[in-house]
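Written below as structure tokens is the structure these notes are about.
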Amino acid sequence: MRHSEFWERMRIHLGPAYARSWAESQVMSDLGGR
Numbered sequence: 034m035r036h037s038e039f040w041e042r043m044r045i046h047l048g049p050a051y052a053r054s055w056a057e058s059q060v061m062s063d064l065g066g067r
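When we follow our numbering, the leftmost residue of the sequence shown carries the number 34, and every step to the right adds one.
Next up, the structure:
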């Protein structure tokens with residue numbers, strides 16, 4: 034999945050304000066904690 038596609042899906046499902054907030058609070062262990 035492209036980075037831009039990820040953010041587009043996040044905005045659609047969570048809304049523009051909450052998508053950024055939610056993403057900043059998540060840690061993806063498969064990506065080395067990024």
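We put the CB at the ideal spot given by N, CA and C, even for glycine.
| Item | Value |
| --- | --- |
| Own chain residues within Cβ distance below 7 angstroms of residue 56, not counting five before or after | 43 |
| Residue 41 versus residue 48 - alpha carbon distance | 10 angstroms |
| Residue 50 to residue 35 span [Cα, whole Å] | 20 angstroms |
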